[in-house]
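First the structure, in the form of structure tokens, and then the observations on it.
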Amino acid sequence: VETCIECSAKKMINIAEVMVFATKAVLHPTAALYDTRAHTLHPACERALRRIFTLSDADQDDLLSDLELNAFQEACFGMPLLPRQLRGIKDVIRRNVQDGVTDKGHVTLSGFLYLHTLFIQRGSAETTWAVLRAFGYARDLRLERSRLPPLGTLHTDQSCELTEPALYFLRKAFWEADADGDGALSPAEVEAFFQRTPLPPWAHLPAVLVPRSGNGRGVELEGFLGAWGACCYRDPASAQEALVYLGYGGGRE
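Shown next as structure tokens:
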């Protein structure tokens, strides 16, 4: 139950309000985004918003500048924010999230997530849904298939392989994810790598194809790329979807 309201058709009490809340519950369901018991965003919603934040971060500094916030605003709502609106948003974040806004006035990921949590808590889930839909998310908080490039029809004697641009993207992403610079991804680094995707692309593949730690150091580049190649061969649709979630080609193909 998202909303409880006293009404009466006989006495004409709160009829319009019931229709408004019923429409919001169908078109902009809060339950899909927010856990009202834990008072937190659902993991699927947080993953989607993390990805949107990263795609909106044009200079890849893990912050949203005023220019990036306005580009995000125009992409989602068709109009930029006024200077006073920007200041108001940042003031709200500063008051509630210690590291939500930097000294230079740039919004961090934690501030961005808090803002959407606040929208939902204040009964404006439609704002977060507008953002999600602008970036291609459906009601199940996965990208709509129509937003992904067509794979075409594969014949029984054909298979899919990663292209050179895709391999370059994955190599670059691997080294960026290797926070400690040891040439391998630890379990924590692998988990962080896939924070923007519903599941790793090999989640449904046989265990033998899942990349494993080598020499106790973590997943090395060769094994990482090998697992992607196996996934592309066995389940090209999942591999393609995961690449788009990670931002390949801009993340909107």
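Using this note's numbering, you'd call the opening residue of the sequence shown number 1079 and step up by one each time.
We put the beta carbon where it would ideally sit given N, CA and C, even for glycine.
Out of curiosity, what's the CA-to-CA distance linking residue i and residue j?
i, j, result
"residue 1108", "residue 1082", "14 Å"
"residue 1132", "residue 1286", "32 Å"
"residue 1121", "residue 1110", "10 Å"
"residue 1179", "residue 1168", "7 Å"
"residue 1257", "residue 1084", "54 Å"
"residue 1326", "residue 1155", "24 Å"
"residue 1205", "residue 1218", "17 Å"
"residue 1161", "residue 1318", "39 Å"
Over what stretch of residues does the alpha helix (DSSP H) that includes residue i continue unbroken?
i, result
"residue 1299", "1299-1312"
"residue 1224", "Run containing residue 1224: none; DSSP gives neither H nor E here."
"residue 1215", "Per DSSP, residue 1215 belongs to no alpha helix (DSSP H) and is neither H nor E."
"residue 1163", "1161-1174"
"residue 1272", "Counting along the chain, residue 1272 falls outside any alpha helix (DSSP H), and DSSP gives it neither H nor E."
"residue 1123", "1121-1134"
"residue 1253", "1242-1255"
Kindly indicate which three-state DSSP category residue i falls into: helix, strand or coil?
i, result
"residue 1198", "helix"
"residue 1093", "helix"
"residue 1147", "helix"
"residue 1315", "helix"
"residue 1325", "coil"
"residue 1153", "helix"
"residue 1086", "strand"
"residue 1118", "strand"
"residue 1286", "helix"
"residue 1229", "coil"
"residue 1142", "strand"
"residue 1203", "helix"
"residue 1110", "coil"
Below 8 Å on the Cβ atoms is my guess for residue i versus residue j; work out the distance and round it to an integer in Å.
i, j, result
"residue 1187", "residue 1140", "7 Å"
"residue 1142", "residue 1135", "6 Å"
Using 8 Å as the Cβ pair cut-off and three pairs as the minimum, do the stretch 1232-1242 and the stretch 1136-1152 touch? At 8 Å Cβ cutoff, the stretches do not touch.
Given 8 Å, three or more beta-carbon pairs between the stretch 1244-1256 and the stretch 1302-1311: Judged by Cβ distances under 8 Å, the stretch 1244-1256 makes contact with the stretch 1302-1311, as three or more pairs qualify.
Does the pairing of the stretch 1311-1328 with the stretch 1276-1284 give three or more beta-carbon distances under 8 Å? The stretch 1311-1328 is in contact with the stretch 1276-1284.
Using 8 Å as the threshold, is the stretch 1218-1231 in touch with the stretch 1318-1327, meaning 3 or more CB pairs across them? Touching, yes, given that three or more Cβ pairs across the two stretches are closer than 8 Å.
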